[in-house]
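*Asks:* Everything in the sequence shown is counted per our numbering, starting at 254 for the first residue and increasing by one. Idealized CB from N, CA, C, for every residue including glycine. Got a structure for you, questions after.
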Amino acid sequence: MTQTLEIKQEIKRLNKEFLHSSDFTVKEIEWNQDEQVIICYYSSLVNKNEVDRNLFFLRQKSNTSMQSNKNKENSNEHQEEQKKSNENSKNSMSGNPESQGKFTHDDSVTITTEQYDFKKLIEYICDGETIIILLQSQKMIRLSSPEFVHGTPDEPENEQILRGSHEGFVESFDANISLIRKRIRNNKLIVKKVIIGKNTRTVVYYYYLDDLVDKEALKTVENRLNAIESDEFYTIGQLNDTLDDQVWSPFPQLLNTERPDRVTANILEGKIAIMTDLSPTALIGPVTFFSFYQTPDDFNSRVLVGTFYRLLRGFSLLSAVFLPAFYIAIISFHFEVLPLELANKIKTDINQIPYRPLIEAMIMELTIELIREASVRLPKSIGQTIGIVGGLVIGDAIVSAGLVSNLMVIVVAFTAISSFVVPSVELNSTIRLLRFPFMLLASLFGFYGIVIGTFILVVHLLNLSSLKRPYLSPIVPFDPKGLTKVFFRKPYYKTKKQVTSFSPQKDDKA
254 MTQTLEIKQE IKRLNKEFLH SSDFTVKEIE WNQDEQVIIC YYSSLVNKNE VDRNLFFLRQ
314 KSNTSMQSNK NKENSNEHQE EQKKSNENSK NSMSGNPESQ GKFTHDDSVT ITTEQYDFKK
374 LIEYICDGET IIILLQSQKM IRLSSPEFVH GTPDEPENEQ ILRGSHEGFV ESFDANISLI
434 RKRIRNNKLI VKKVIIGKNT RTVVYYYYLD DLVDKEALKT VENRLNAIES DEFYTIGQLN
494 DTLDDQVWSP FPQLLNTERP DRVTANILEG KIAIMTDLSP TALIGPVTFF SFYQTPDDFN
554 SRVLVGTFYR LLRGFSLLSA VFLPAFYIAI ISFHFEVLPL ELANKIKTDI NQIPYRPLIE
614 AMIMELTIEL IREASVRLPK SIGQTIGIVG GLVIGDAIVS AGLVSNLMVI VVAFTAISSF
674 VVPSVELNST IRLLRFPFML LASLFGFYGI VIGTFILVVH LLNLSSLKRP YLSPIVPFDP
734 KGLTKVFFRK PYYKTKKQVT SFSPQKDDKA
């Protein structure tokens with residue numbers, strides 16, 4: 254196949270534009286005798302078998318079209334007079350592209366035809382499409398057959414449940430939306446997308462139920478997404494920072510989840526889910542503080558069981574934040590609150606400790622955090638061993654060395670277990686972080702320091718919002734019916750009005 258000067262120049266131009274990338278393919282392909290054709294694509298992004306099938310179909314149609322045109326021309330020459338033939342020929346050249354030997358076809362789901370536009374061609378190829386350029390016709394045919402690598406929809410490791418669905422999101426737009434539409438078979442489910450990042454062109458999509466969504470929260474999400482001006486946008490963390498009302502707060506203001514059933518439940522409450530095509534994590538908003546303490550198991554288990562574990566998580570919050578601080582305050586300032594027998598036992602133990610209770614607690618808390626971080630980073634087969642053996646060996650060695658007391662080991666272990674009860678990984682990290690300022694205040698002022706810290710914490714939570722919705726709802730604004738929903742899992746046949754700060758028009762099941 255001999256390349257003309259025009260084809261050589263176009264191939265050279267395309268290679269130069271794509272910087273001679275090793276996975277960029279551009280070459281001339283055989284078509285019909287009246288058309289010069291170039292095909293170009295990223296080999297790392299397309300399904301080559303699908304491209305070959307579409308290419309075979311297009312060639313067959315092109316040859317059939319050419320043969321049909323030739324038969325029509327021969328028939329016209331024998332049946333019409335010369336004058337009419339000239340007129341028909343003139344009209345054919347101006348109005349019928351098939352008579353000129355040009356290729357035409359009907360667009361389909363995966364094949365579309367457009368006028369040749371070099372800027373659009375670059376965009377389409379970067380999106381994983383294959384482009385066929387018809388130089389004589391100045392058209393380009395788009396073959397949409399991208400093949401992006403992504404995982405299988407397995408259950409997320411950090412959100413495992415006992416009962417219910419065990420599917421999880423992946424790094425694919427179509428796969429994720431199909432998991433949601435499988436659960437919400439409603440034409441009111443709207444999916445919209447925004448392309449962010451000049452260099453990365455990351456696709457961000459958000460979806461909601463049109464008749465249930467909180468309109469003001471939706472407007473807030475759209476305004477914040479459209480206001481993003483960034484050349485590089487490639488992580489869910491960047492999206493989280495953009496949508497947060499107060500980015501410097503330690504508390505998460507959007508619920509992070511990789512579970513489609515959890516996203517479905519929140520969408521049915523009038524909330525909005527935001528995702529990218531680069532991460533399996535969905536951001537849900539607006540949410541409240543109490544949303545992070547609910548799991549799908551609450552709704553899949555028996556009513557009394559679900560209620561019990563909700564209350565247990567509330568107790569775990571108090572112990573995870575305040576228990577080390579209470580220990581320090583009692584040992585440092587308020588020994589008299591302990592029973593006499595226990596006080597004598599503790600005094601005997603702490604008399605052998607060379608440090609103040611704050612230093613003692615810090616040693617143990619930082620040791621627990623180091624073991625936890627190491628177990629996360631190490632391979633699974635080693636991580637669990639390090640977590641168990643490291644905790645036992647280090648704990649026993651520290652007590653034997655007289656650096657900490659036995660009671661402190663118990664307090665820190667119980668605190669660590671309480672913090673891991675939190676279903677949300679983000680809130681889990683926040684709770685662990687909050688221990689340290691409370692421990693410092695308790696060492697300085699005792700119980701008064703804990704009261705001061707609690708007051709500051711409550712004021713901060715009262716000023717927080719999620720997509721401009723109150724973070725402590727239904728406590729502030731106070732809604733007694735909504736408050737019972739937070740702590741008690743009601744039967745499904747007991748209906749009641751949803752929290753007014755989200756979607757007043759929706760009646761749901763607790």
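Could you check where the beta strand (DSSP E) with E281 kicks off and where it finishes?
*Replies:* Run containing E281: F277 to I282, per the beta strand (DSSP E) assignment.
*Asks:* Specify the secondary structure class of F271 as computed by DSSP and reduced to three states.
*Replies:* Here F271 sits in coil by DSSP.
*Asks:* If you reduce the DSSP assignment to three classes, tell me which class Q262 lands in.
*Replies:* Helix.
*Asks:* Check whether the segment 376-390 touches the segment 298-306, taking contact to mean three or more Cβ pairs, one atom from each stretch, closer than 8 Å.
*Replies:* Yes, they touch.
*Asks:* Of the residues L697, W501, P406 and I378, which one's Cα is nearest the Cα of I394?
*Replies:* The residue with the shortest Cα to Cα distance from I394 is I378.
*Asks:* Could you spell out the range, first to last residue, of the beta strand (DSSP E) harbouring R395?
*Replies:* That run of the beta strand (DSSP E) goes K392 to L396.
*Asks:* Taking all protein chains shown into account, do 16 or more other C-beta atoms lie within 10 angstroms of the C-beta of Q353, making it buried, or fewer, making it exposed?
*Replies:* Here the model assigns Q353 a pLDDT of 41, short of 50, so the residue's position is not dependable, and the following value carries that caveat. Classification for Q353: exposed.
*Asks:* Under the assumption that L611 contacts M692 (Cβ atoms under 8 Å), give the Cβ distance between them as a whole number of angstroms.
*Replies:* Yes, L611 and M692 are in contact; Cβ-Cβ is about 6 Å, under 8 Å.
*Asks:* Please classify P513: does DSSP put it in a helix, a strand, or coil?
*Replies:* Residue state, collapsed to three classes: helix.
*Asks:* Measuring only the C-alpha atoms, how far is A470 from R566?
*Replies:* The alpha-carbon atoms of A470 and R566 are separated by roughly 28 Å.
*Asks:* May I ask you to report which of helix, strand or coil DSSP gives Y701?
*Replies:* Correct three-state label for Y701: helix.
*Asks:* Tell whether a beta-carbon distance below 8 Å holds between I481 and T529.
*Replies:* Contact: no.
*Asks:* Is the CB-CB distance between Y458 and I443 below 8 Å?
*Replies:* No, these two residues do not count as a Cβ contact at 8 Å.
*Asks:* Smallest Cα separation from F667: which of L714, L680, F575 and K738?
*Replies:* Residue F575 is the option with its Cα nearest to F667.
*Asks:* For G655, does the count of other Cβ atoms within 10 angstroms reach 16, so buried, or fall short, so exposed?
*Replies:* Exposed, since its Cβ has fewer than 16 Cβ neighbours within 10 Å.
*Asks:* Using 10 angstroms around the beta-carbon of I525, count the other beta-carbons present and answer buried if the total reaches 16, otherwise exposed.
*Replies:* Buried, since its Cβ has 16 or more Cβ neighbours within 10 Å.
*Asks:* What does DSSP give as the partner residues of M528 in its beta bridges?
*Replies:* According to DSSP, M528 bridges with Y458.
*Asks:* Assuming E408 is part of the alpha helix (DSSP H), what are its boundary residues?
*Replies:* It is not in any alpha helix (DSSP H) - E408 carries neither H nor E in the DSSP assignment.
*Asks:* Just to confirm, is the Cβ distance from M615 to V657 under 8 Å?
*Replies:* Against a cut-off of 8 Å, the Cβ pair of V657 and M615 comes out as no contact.
*Asks:* Pick out the complete alpha helix (DSSP H) segments inside the segment 582-636, 4 residues or longer, and give them in chain order.
*Replies:* Whole alpha helix (DSSP H) segments, 4+ residues: 593-603 and 610-630.
*Asks:* Using the three-state DSSP reduction, which class does S718 fall into: helix, strand or coil?
*Replies:* Here S718 sits in strand by DSSP.
*Asks:* Just to confirm my understanding: we take D494, look at its own chain, exclude 5 residues before and 5 after, and list those with CB closer than 8 Å. What are they?
*Replies:* So the list reads V500, once near-sequence residues are dropped.
*Asks:* Between L717 and F504, how many whole angstroms is the CB-CB distance? I'm expecting something under 8 Å.
*Replies:* At roughly 6 Å, the Cβ-Cβ gap stays under 8 Å, so L717 and F504 are in contact.
*Asks:* Residues in its own chain within less than 6 Å of V678 by CB, not counting five upstream and five downstream?
*Replies:* Excluding positions up to five away in sequence, the list reads N411.
*Asks:* Going by the beta-carbon positions, is the gap between P513 and E589 smaller than 8 Å?
*Replies:* No, the Cβ-Cβ distance between P513 and E589 is not below 8 Å.
*Asks:* Leaving out five residues on either side along the sequence, give the residues of the same chain with a beta carbon under 6 Å from the beta carbon of V447.
*Replies:* Answer for V447: V457 and L478, listed in chain order.
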